[in-house]
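This report concerns only the one structure given below.
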Amino acid sequence: MQSVWQLNHSKHLILFFSGWAMDERPTQHLQIRDSDLCTCYDYSSLNTEEAERWAAYDTVRVAGWSIGIWATE
């Protein structure tokens, strides 16, 4: 799994799992001030190394599109 971060050094995280054949571009245009954003894609390898980083946030909001919904499980 690949991930791209947009950091605002917040205690809140939005975790977005892109759909089939997508990359980080669906969320590139977003300017979120009250949360950090992590966009995940390329699910050929579902490593969980990122999960430790996600766990450091006070709140994590998860969204997925297409196969990204499958990856959230």
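Those letters in the sequence shown? Residues 7 to 79, by this note's numbering.
Glycine included, every Cβ here is placed at the ideal spot set by N, Cα and C.
Which of helix, strand or coil does DSSP assign to residue 73? helix
Just curious, the alpha helix (DSSP H) that residue 34 is in, first and last residue? 31-34
Roughly how many whole angstroms lie between the Cα atoms of residue 50 and residue 7? Here the alpha carbons of residue 7 and residue 50 stand approximately 6 Å from one another.
Mark residue 45 as exposed unless 16 or more other C-beta atoms lie within 10 angstroms of its C-beta, in which case mark it buried. buried
When the Cα of residue 42 is compared with those of 56, 9, 19, which residue comes out closest? 19
Going by DSSP in three states, residue 26 sits in which element: helix, strand or coil? DSSP places residue 26 in coil when its eight states are reduced to three.
Residue 25 versus 16, 10, 68, 48, residue with shortest Cα-Cα distance: 48
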